[in-house]
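Trainee:
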Amino acid sequence: MATERELSDFLLSVEKRAFKRTVYHVREEESALDIVQDSMMKLAEHYGDKPPNELPMLFQRILSNCTLDWFRRQKTRNALFSNLSDFESASDDGDFDLLETYTSPENSQQVESAEDATRRAQVLREIETEIMELPARQREAFLMRYWEDMDVAETAAAMGCSEGSVKTHCSRAVAALSKALRAKGIQL
Amino acid sequence: MTTTDPLRARQADQFGRRVAMRLDAATRELPYEVNERLRAARVRALQVRKQHEVAPVMVDRGGAATLGLGQRSWFNRLASVLPLVLLAAGLVLIHIAQSDRRATELAEVDAALLTDDLPPAAYADPGFVQFLKSGGGD
Chain A
78 MATERELSDF
88 LLSVEKRAFK
98 RTVYHVREEE
108 SALDIVQDSM
118 MKLAEHYGDK
128 PPNELPMLFQ
138 RILSNCTLDW
148 FRRQKTRNAL
158 FSNLSDFESA
168 SDDGDFDLLE
178 TYTSPENSQQ
188 VESAEDATRR
198 AQVLREIETE
208 IMELPARQRE
218 AFLMRYWEDM
228 DVAETAAAMG
238 CSEGSVKTHC
248 SRAVAALSKA
258 LRAKGIQL
Chain B
869 MTTTDPLRAR
879 QADQFGRRVA
889 MRLDAATREL
899 PYEVNERLRA
909 ARVRALQVRK
919 QHEVAPVMVD
929 RGGAATLGLG
939 QRSWFNRLAS
949 VLPLVLLAAG
959 LVLIHIAQSD
969 RRATELAEVD
979 AALLTDDLPP
989 AAYADPGFVQ
999 FLKSGGGD
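Top line first, the protein sequences correspond to chains A and B. Converting from the first sequence to the numbering used here requires adding 77 to each position, the first position being numbered 1. Converting from the second sequence to the numbering used here requires adding 868 to each position, the first position being numbered 1.
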């Protein structure tokens, strides 16, 4: 059974990635925060007594289900899965003031750091944009597999699909991302 | 790109991990208000867990004080089922006792009839009934 400290540490370790992943899915920071908070509450309320090693998988499933619920509610409300306003809000809210954050450090190499930081922030924005352009299942599989560092079996279990589907989603996502980034002159 | 080609699969994995490293940078530079909202959400989640934890402890204490044992659920179940079992057993015993008594009474009547001087077939005889009505039996 996970102690309060273990649960707190676990939530601390996943909350930022969970937020960003959800932003990539729903393209709204406010909604993403609500979804992550809802997921945390559900995990603590229903599975707070589970062993620590079971928490990551449970949290991924809860987060996926909460995100799906959000899309269902949006679909009901707007009668459209995605619309132009979603893309507009994504481009507005997707700027997390990284430029300001990166240019703020005060050190002797401020000019060089600012250039590097600007370049890094631009690359990051391009990557985020391309990730948001991926089909939902490809994006989910890619982020779980590589960002959450889950293996194929775990990703398949969390997504409720076969391991073959996960491999297919991931390889297509990698192909699409690498092609799009290469077209923009970005080499990773 | 196919996943059956090990080399390409390895390259895909490497590319995916390089993208993930870049994405990690995004999580390190989240705005202050987002970090605060996440922290508040975490605190709220832990509070929910605390309430979830406290309730069973209180019940456990009550159960232990009443029963002197830790197996609360089994004793609670037994304590709730036992009166019903006793009630059903009592009803069955009453039914059996009443049946026995009725059988005994009938047996006594039958025995009295059979051991009487008058044979039982006489009561079915119309002449004998008439004899009784006319007071011949006195």
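Think of the CB as a built atom: it goes at the ideal place given N, C-alpha and C, for glycine as much as any other residue.
State the DSSP-derived secondary structure class of Ser242(A), mapped to helix, strand or coil.
Mentor: It is helical.
Trainee: Within the chosen definition, does the region 90-98 of chain A reach the region 120-127 of chain A through at least 3 CB pairs nearer than 8 Å?
Mentor: These segments do not touch.
Trainee: Indicate, with yes or no, if the ligand FAD has a heavy atom lying under 8 Å from the CB of Met236(A).
Mentor: The ligand FAD is not part of this structure, which contains no ligands at all.
Trainee: Strictly under 9 Å for the Cβ-Cβ distance: is Val200(A) near chain B by that measure?
Mentor: Cβ-Cβ to chain B under 9 Å: yes for Val200(A).
Trainee: Applying the 10 Å Cβ sphere with the 16-neighbour rule, what's the burial state of Thr153(A)?
Mentor: The residue in question, Thr153(A), is exposed, as its Cβ has fewer than 16 Cβ neighbours within 10 Å.
Trainee: In chain order, which continuous runs of the alpha helix (DSSP H) of length 4 or greater are located wholly inside the region 95-136 of chain A?
Mentor: DSSP runs (the alpha helix (DSSP H)) wholly in the region 95-136 of chain A: 106-124.
Trainee: Between the region 235-247 of chain A and the region 906-917 of chain B, can you find at least three pairs of beta-carbon atoms closer than 8 Å?
Mentor: Short answer: they don't touch.
Trainee: Does the Cβ of Arg82(A) have 16 or more other Cβ atoms within 10 Å, making it buried, or fewer, making it exposed?
Mentor: By the neighbour-count rule (16 or more Cβ atoms within 10 Å), Arg82(A) is not buried but exposed.
Trainee: Quick check on the burial criterion: 16 or more other C-beta atoms within 10 angstroms. Buried or exposed for Phe88(A)?
Mentor: The residue you asked about is not Phe; residue 88(A) is Leu in the sequence shown. Looking at its Cβ environment, which holds 16 or more other Cβ atoms inside 10 Å, Leu88(A) is buried.
Trainee: Assuming Leu211(A) and Ala253(A) form a contact by the criterion Cβ under 8 Å, report the distance between their Cβ atoms to the nearest whole angstrom.
Mentor: That pair is a contact at about 6 Å.
Trainee: Counting contacts by CB-CB distance shorter than 9 Å, is Gly958(B) in contact with chain A?
Mentor: With 9 Å as the cut-off, Gly958(B) does not count as an interface residue toward chain A.
Trainee: Please classify Ile263(A): does DSSP put it in a helix, a strand, or coil?
Mentor: Note: Ile263(A) maps to coil in three-state DSSP.
Trainee: What is the DSSP secondary structure of Ala956(B), reduced to helix, strand or coil?
Mentor: Helix at Ala956(B).
Trainee: Three-state secondary structure (DSSP) at Glu973(B)?
Mentor: Three-state result, Glu973(B): helix.
Trainee: For my contact list, Thr232(A) and Met221(A) are in at a C-beta cut-off of 8 Å; report their separation, rounded to the angstrom.
Mentor: Confirmed, about 5 Å.
Trainee: Are the C-beta atoms of Lys152(A) and some chain B residue less than 9 Å apart?
Mentor: Closer than 9 Å: no.
Trainee: Output needed for Trp224(A): all residues of its chain with C-beta closer than 8 Å, excluding positions within five of it in sequence on either side, in chain order.
Mentor: Result list for Trp224(A): Arg94 and Arg98, in chain order.
Trainee: Could you check the C-alpha separation between Phe219(A) and Ala947(B) for me, to the nearest Å?
Mentor: Their Cα atoms are separated by approximately 55 Å.
Trainee: If you measure beta-carbon to beta-carbon, which residues of the region 107-130 of chain A are closer than 8 Å to chain B?
Mentor: Cβ contacts with chain B come from Leu110, Val113, Gln114, Met117, Met118, Leu120, Ala121, Glu122, Gly125 and Asp126.
Trainee: Shorter than 9 Å from the beta carbon of Leu132(A) to some beta carbon of chain B?
Mentor: No, Leu132(A) does not count as interfacial toward chain B.
Trainee: Please work out which residues of its chain come closer than 8 Å, Cβ to Cβ, to Ala257(A), disregarding the five sequence neighbours upstream and downstream, and give them in chain order.
Mentor: So the qualifying residues of the chain are Glu207 and Glu210.
Trainee: Using a Cβ-Cβ distance cut-off of 9 Å, determine whether Leu875(B) contacts chain A.
Mentor: No, Leu875(B) does not count as interfacial toward chain A.
Trainee: Within 9 Å of any Cβ in chain A, is that where the Cβ of Ala947(B) sits?
Mentor: Answer no: the Cβ-Cβ gap between Ala947(B) and chain A never drops below 9 Å.
Trainee: Which bits of chain A does Arg885(B) rub up against, with CB to CB less than 8 Å?
Mentor: Within chain A, the residues near Arg885(B) are Tyr223.
Trainee: Quick one: residues in its chain with C-beta nearer than 6 Å to the C-beta of Thr871(B), no 5 flanking neighbours on either side, listed in chain order?
Mentor: Unreliable positioning characterises Thr871(B) in this predicted model, as indicated by a pLDDT of 47, which lies under 50. A coordinate reading is not provided.
Trainee: Out of Leu891(B), Asp873(B) and Leu875(B), which one is the CA nearest neighbour of Gln199(A)?
Mentor: The candidate whose alpha carbon is nearest that of Gln199(A) is Leu891(B).
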